[in-house]
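Below: one structure, written as structure tokens.
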Amino acid sequence: MLYYIPMVVTTHMNDTQMKIEKSARIADIVLKIARIFGWIIIVTIVLLFGVTCLICGTAGSGAFDGMFTAEEIGDIFLTDSGSVVSGAALMWIYLLFTAVSLTYMGLIMGILITAGKIFSGIRKTLLPFSGENAKHLKKIAILIGLIAVVPALIEIIGGAILGISMELYSISIEGLVLAFVVYCLAHIFQYGLELQEQADETL
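Residue numbers (our numbering): 2 to 204.
Structural data, given as structure tokens:
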């Protein structure tokens with residue numbers, strides 16, 4: 002009987018570790034796929050902007066004159082209805098759009114990369130609670146908070162300079178709340194680490 006109880010505990014721990022390793026592996030694979038799509042989107046945005054700049058450099062900004070009216074792009078930008086958007090103005094609008102989009106995607110990629118480090122570490126150590134994971138969660142919380150605010154601020158400031166109003170991003174209260182929740186989870190991970198260390202010392 003004395004040998005049976007430790008054997009049951011050991012078997013239960015092995016099953017738990019296998020589940021942790023399997024879940025971490027799946028999450029790691031999903032995050033790697035998401036990062037690939039993220040890089041594709043970023044490269045596409047940069048290439049499109051580069052091609053647009055090349056056209057402007059070759060044919061001048063006048064190449065886009067009369068291509069769109071304010072009414073035609075009114076679903077995205079708030080301008081004077083019926084007026085024709087000049088090629089130069091369109092380039093500035095596109096530059097602002099590119100800056101906001103790249104900032105947003107950069108922050109998203111930061112979250113995906115950091116989350117990948119969490120699950121990659123769990124796969125190696127089979128320990129969810131670690132000081133590194135707590136730091137990674139705090140970093141993710143900060144990035145989520147920046148996503149909730151920064152793209153909208155760039156859009157507002159750029160729009161004020163250009164005299165337009167974009168309807169792409171807005172300051173997200175939900176994002177700020179989520180950032181706070183994730184930051185709290187980081188402290189829970191830190192507390193879990195302390196309990197884990199105490200348990201190891203007891204054993």
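Note that the Cβ used here is the ideal one computed from N, Cα and C, for glycine as well.
It should be emphasised that the depicted structure is a prediction, and the values quoted were computed from it without experimental measurement.
Lysine 118 and histidine 137 have their C-alpha atoms some 8 Å from each other.
Cβ neighbours of isoleucine 172 within its own chain (closer than 8 Å, five residues either side excluded): Ala149, Val150, Ala153 and Leu154. Between alanine 28 and phenylalanine 120, the alpha-carbon positions lie close to 7 Å from each other. Residues Pro152, Ile155, Glu156, Leu169 and Tyr170 of the same chain have their beta carbon placed closer than 7 Å to that of valine 101, with the five preceding and five following residues left out of the count. Per the Cβ contact rule, the segment 172-190 is in contact with the segment 123-141 (3 or more Cβ pairs under 8 Å). Per DSSP, the continuous alpha helix (DSSP H) segment holding isoleucine 143 begins and ends at 132-163.
The three-state reading of DSSP puts leucine 128 in coil, since its state is none of H, G, I, E or B. Counting every other CB atom within 10 Å of its CB across the protein chains shown gives phenylalanine 38 a total below 16, marking it as exposed.
Taken through DSSP and simplified to helix, strand or coil, serine 171 comes out as coil. In this structure, isoleucine 189 keeps its C-beta atom at 9 Å or more from the C-beta atom of methionine 110. By the C-beta density criterion, asparagine 15 is exposed, having fewer than 16 other C-beta atoms within 10 angstroms. By the beta-carbon neighbour count (other beta carbons within 10 angstroms, threshold 16), alanine 116 is buried.
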